[in-house]
Amino acid sequence: MFENLSERLSGVFDRLTKQGALSDDDVATALREVRVALLEADVSLPVARDFVKAVQAKATGQAVTRSVTPGQQVVKIVHDELVAVLRGADDPGALKIDNAPAPILMVGLQGSGKTTTTAKLARRLKDKNGKRVLMASLDTNRPAAMEQLAILGRQIGVDTLPIVKGETAVQIARRAKTHASLGGYDVYMLDTAGRLHIDEVLMDEVQAVRDVANPRETLLVVDGLTGQDAVNVASEFDGKVGITGVVLTRMDGDGRGGAALSMRAITGKPIRFIGLGEKMDAIEPFEAERIAGRILG
Ligand code: GDP
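Quick note: the sequence shown uses UniProt numbering, first residue 1, plus one each step.
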């Protein structure tokens, strides 16, 4: 779908460029196509509408019709507006980890890439920031998920909290906190249980864990390929738990930007990282310019 968006936008702007001088009607027609293209790329309707309105206001204000290359000028306005909407935190990759041990809470639905992302970020904190990190899985329903985190931990050389059968998520969070304090860790990461869908039980558990850990960062991991669903998930989690940022995974896939745009516009929360594959180093701080470029193609 992302390819549709970029192809469509290039098509629209190619036509604009070839036309030379533009009337207000030309701009309006082009922007209508931009709106349709955004919708097709899973950008939500109100976001697409507001986006086009903002671009139209700027295009009209800037006397596009008299410029030498009006098409290019519109492209630039669309690009700049994309960057403006997408840009969140000044330094998205800088996690708040002062006051050791700093808790980081990882939340999200099952299958979003939460466990993988927890390990990727732990590895980054260790290798790039020289931090001692402890990871703990709180997924008491899925022993395999706990084991998965332990395996990843061994692979990247990051400690995981020993698994104790029969504990609740809150008990594990408490033990992680104590273990991190006594063990001299800089950061401890809590990989909460996911569900296939958002439900009360999940939210209650995440809230209880949050209250025990008092996290410095609460990062929501969402599958960047799920479009509008990703935005709904983000709104729910932010409303119930309060998140400090979003990690969009699977951005190595067909590279769509639609989810990123809606996510920013609707939740107002910064996108902090993007996941770019299954390997442990396949994660990068979010860059608005780069995603805007991908959306435009
Ligand atoms: P969880 O249930 O949310 O903890 O999800 P997992 O971390 O177990 O990830 C589910 C699957 O998605 C695994 O096979 C991961 O390797 C894969 N995955 C996670 N992040 C990415 C990503 O950014 N890109 C790709 N291509 N795969 C990913």
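A virtual CB, placed ideally from N, CA and C, is assigned to each residue, including glycine.
Note that the structure is predicted; figures quoted are calculated from it, not measured.
Can you give me the Cβ contacts of residue i inside the same chain, cut-off strictly under 6 Å, excluding the 5 residues immediately before and after it?
i    : result
T160 : M135, L149, A150, G153
A208 : V170
L196 : Q110
I198 : E236
G257 : I291, R294, I295
T60  : none
Do you know how far the Cα of residue j is from the Cα of residue i?
i           : j    : result
G242        : D26  : 43 Å
T117        : I291 : 19 Å
A169        : I283 : 27 Å
I172        : A234 : 25 Å
P162        : R175 : 10 Å
F2          : G184 : Because the pLDDT of F2 is 44, which lies under 50, any placement of that residue in the model is unreliable, and the question is left without a value.
L248        : E147 : 24 Å
A37         : L296 : 11 Å
D24         : L261 : 26 Å
T115        : G227 : 21 Å
I156        : K58  : 48 Å
V244        : L219 : Residue identity differs from the one stated: residue 244 is Thr in this sequence, not Val. Roughly 6 Å separates the two Cα atoms.
Q56         : V75  : 12 Å
V206        : R216 : 15 Å
G224        : D50  : 22 Å
R35         : F273 : 26 Å
residue 360 : Q73  : For the chain, the structure presents residues 1 to 297; residue 360 sits outside this window and is missing.
V52         : A265 : 13 Å
R294        : D254 : 10 Å
A94         : V43  : 27 Å
K128        : V164 : 31 Å
D191        : K177 : 13 Å
Using alpha carbons as the reference points, say which of the options lies closest to residue i.
i    : options                : result
K96  : T168, M189, K76        : M189
D211 : R264, P103, L38, A259  : P103
G88  : L138, I295, F286       : F286
L105 : L138, T178, G239, R195 : L138
M203 : P46, F237, E217        : F237
T201 : K240, N129, V85, V75   : Note that residue 201 corresponds to Val in the displayed sequence, not to Thr. Out of K240, N129, V85, V75, K240 has the C-alpha closest to the C-alpha of V201.
E267 : L31, K58, I77, V85     : One detail in the question is off: residue 267 reads as Thr in this sequence, not Glu. The option with the nearest alpha carbon to T267 is V85.
M280 : L45, T29, A119         : A119
A100 : R294, A144, A213       : A213
I271 : D252, A30, P92         : P92
G166 : N141, A94, H179        : N141
G194 : V164, H179, S181, A144 : A144
K269 : T60, D90, N129         : D90
S181 : D191, V133, A94, N129  : V133
Would you mind giving the Cβ-Cβ distance between residue i and residue j, rounded to the nearest angstrom? I have them listed as a contact below 8 Å.
i   : j    : result
E81 : A54  : 5 Å
V78 : A122 : Not quite, the Cβ-Cβ distance comes to about 38 Å (not below 8 Å), so this is no contact.
Quick one: what's got a C-beta closer than 7 Å to residue i's C-beta in the same chain, skipping five residues either side?
i    : result
V83  : A288, E289, A292
K131 : I97, L125, D186, V187
H179 : L134, L161
Tell me which residues share the same chain as residue i and place their Cβ nearer than 8 Å to its Cβ, disregarding the 5 neighbours each side in the sequence.
i    : result
V222 : G108, L109, S112, A230, V233, A234, V246, V247, L248, T249, A259, M263
L39  : L45, A48
N4   : With a pLDDT of 46 at N4, under the threshold of 50, the modelled position of that residue is not reliable, and the figure given next carries that caveat. These residues qualify, in order along the chain: A37, E40, A41.
D252 : G275, L276, G277, A282
A28  : Q56
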